[in-house]
Every structure is written in structure tokens, then in C-alpha cells.
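Undergrad: Have a look at this one.
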Amino acid sequence: MSTSRQTTVPLSLADSLHLFASSFAFFSLSPTPPVQSAPRVIAQVVILGSQILGKAFVQAWRQAARNAKAGGEAAGAAAGTPGGRAGNVDAITRNHGMTIDEAANILNVKRAGIQAAEETELQKMLKNFDHLFQANSPLTAEGKPHSSHYLQSKIVRAKERIEAELASAAKAAAEGPAPPKAPDAPKP
Numbered sequence: 001m002s003t004s005r006q007t008t009v010p011l012s013l014a015d016s017l018h019l020f021a022s023s024f025a026f027f028s029l030s031p032t033p034p035v036q037s038a039p040r041v042i043a044q045v046v047i048l049g050s051q052i053l054g055k056a057f058v059q060a061w062r063q064a065a066r067n068a069k070a071g072g073e074a075a076g077a078a079a080g081t082p083g084g085r086a087g088n089v090d091a092i093t094r095n096h097g098m099t100i101d102e103a104a105n106i107l108n109v110k111r112a113g114i115q116a117a118e119e120t121e122l123q124k125m126l127k128n129f130d131h132l133f134q135a136n137s138p139l140t141a142e143g144k145p146h147s148s149h150y151l152q153s154k155i156v157r158a159k160e161r162i163e164a165e166l167a168s169a170a171k172a173a174a175e176g177p178a179p180p181k182a183p184d185a186p187k188p
């Protein structure tokens with residue numbers, strides 16, 4: 001039985017560098033890149049693009065849901081109801097398109113004074129209403145009124161909103177607290 005031994009021939013420096021470089025051929029900067037078929041490249045582009053668009057769409061959907069949830073809570077807080085639940089005050093706000101705080105700011109009165117129906121605040125509101133309405137209806141050189149319809153509309157809506165709040169408070173005070181409802185008797 002003979003065992004053949006392979007003998008190694010010493011390589012020259014040039015040969016060893018050539019072998020070393022050829023083992024890393026995939027890192028080389030060859031002038032022609034590896035060729036892939038066009039359908040495969042198109043499929044990869046379509047898949048990658050759909051993944052990017054899908055992730056963006058899902059992220060936008062989640063953000064819209066968060067905004068809707070936060071918007072409902074903010075609207076409820078502005079209307080004076082916790083958690084965005086509808087109530088009588090919310091109905092007044094929807095009808096007039098303005099919260100009581102906005103109306104009080106426009107007419108420069110205190111909200112607490114309006115809700116308490118203080119006579120001084122009501123007089124101040126009417127005085128401010130007349131002044132602001134006239135200030136936004138100046139006369140031109142020809143003597144014709146040149147009004148700012150937008151500002152006058154906001155002033156009128158603010159007055160109407162405060163009057164609606166006062167009417168709602170007066171109605172609630174006239175009705176008084178509702179009597180407790182008796183529990184229903186069980187039916188036989």
C-alpha cells in the first residue's frame with residue numbers, strides 16, 4: 001500500500017498575491033457589474049416599493065387614529081365635558097360654532113362673571129359689543145360704511161353665544177333639580 005503524499009511547492013510572492021486577490025474577487029471594482037434579469041429587478045423594486053408604501057400607510061393610519069382620539073378629547077374639554085362626551089353645553093357650542101371661552105375673549109369679559117350672570121359683566125359685554133361693532137364699521141371718505149364683515153360676524157356670534165349660555169342657565173335654574181326616579185317594581 002502506497003500512500004501518496006502531496007508535496008507543496010513553494011509559491012512565489014506574485015503567485016500568492018494573485019491567489020489572495022482572486023479569493024476576494026467579489027470585492028473587486030470590475031467595470032461590469034453582475035447581470036441580473038430584468039423581471040427579477042423589476043419584481044424586487046415593486047416589492048421594496050410596496051413595503052415602503054405599506055409601512056408609511058400604516059403609520060399614517062395610526063397617526064390619524066391618535067389625532068382623532070386626541071381631537072375628540074380636546075373638543076370635549078373645550079365644551080366643558082370630560083372625555084369628549086356630548087352634553088347640553090356641547091350642543092350650544094355646536095350650534096354657535098364657538099365656545100364660551102372664545103366668546104368671552106372676543107368681548108373682553110370674564111367667563112365666571114357671565115356664568116354667574118353678574119349685572120356688571122353683562123353691561124360690560126353689551127358696551128364692548130357696541131364699541132367693537134362700531135369700530136369695525138368705519139365710514140369711508142364718501143360717507144359710506146366700510147365694514148369688516150368677518151370681524152362683525154365674530155362679534156355678533158360671540159354675543160349670541162353668551163346669550164345662549166345665559167338662556168340655558170336660566171332654563172336649568174327654572175327647572176330646578178330633577179326629582180330622583182323611583183326604581184321600577186319587578187313584574188310578576
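Residue numbering for the sequence shown follows the UniProt record's numbering, starting at 1 and increasing by one per position. The beta carbon of each residue, even a glycine, is placed where N, CA and C say it ideally should be.
If you run the structure through DSSP and keep just helix, strand and coil, what is P145?
TA: Along the sequence shown, one-based indexing puts residue 145 at 145. Of the three classes helix, strand and coil, the one that applies to P145 here is strand, per DSSP.
Undergrad: Between P145 and Q134, what straight-line distance do the alpha-carbon atoms span, to the nearest angstrom?
TA: Start at 1 with the first residue of the sequence shown, and residue 145 comes out as number 145. Start at 1 with the first residue of the sequence shown, and residue 134 comes out as number 134. Computed Cα separation, rounded: 10 Å.
Undergrad: T93: which of A172, A164, F129 and S12 sits nearest, CA to CA?
TA: The residue labelled residue 93 in the question sits at position 93 within the sequence shown. For T93, the closest of A172, A164, F129 and S12 by C-alpha to C-alpha distance is A164.
Undergrad: Rank G97, A65 and P138 by C-alpha distance to the C-alpha of S148 and give the top, closest one.
TA: In the sequence shown, counting from the first residue as 1, residue 148 sits at position 148. Selected option, being the one with the closest Cα: P138.
Undergrad: When you compare the region 50-66 with the region 111-130, are there three or more beta-carbon pairs, one atom per stretch, that lie closer than 8 Å?
TA: no
Undergrad: Just to check my reading of the structure: K69 and I106 have Cβ atoms closer than 8 Å, yes? What is that Cβ distance to the nearest angstrom?
TA: Numbered from 1 along the sequence shown, position 69 holds the residue referred to as residue 69. Numbered from 1 along the sequence shown, position 106 holds the residue referred to as residue 106. With a Cβ gap of about 29 Å, K69 and I106 do not count as contacting.
Undergrad: If you draw a straight line from the alpha carbon of A103 to that of Q63, how long is it in whole angstroms?
TA: The residue you call residue 103 lines up with position 103 of the sequence shown. The residue you call residue 63 lines up with position 63 of the sequence shown. Answer to the nearest angstrom: the Cα atoms are 32 Å apart.
Undergrad: Once the 5 residues before and after Q115 are set aside, which same chain residues still bring their CB inside 8 Å of it?
TA: Working through the sequence shown from its first residue, we reach residue 115 at position 115. Excluding positions up to five away in sequence, the list reads I100, E165 and A169.
Undergrad: If you drop the 5 nearest sequence neighbours on each side, which residues of the same chain put their C-beta closer than 6 Å to that of A38?
TA: Counting from one through the sequence shown, the residue named residue 38 turns up at place 38. Here the set comprises nothing.
Undergrad: Looking at the secondary structure, which residues open and close the alpha helix (DSSP H) in which K110 lies?
TA: Stepping through the sequence shown from its first residue, residue 110 is reached at position 110. No alpha helix (DSSP H) holds K110; DSSP gives it neither H nor E.
Undergrad: By Cβ distance, which residues of its chain are closer than 8 Å to M125, with the 5 residues on each side in sequence left out?
TA: Walking along the sequence shown from the start, residue 125 turns up at place 125. Around M125: L107, V109, I114, K159 and I162.
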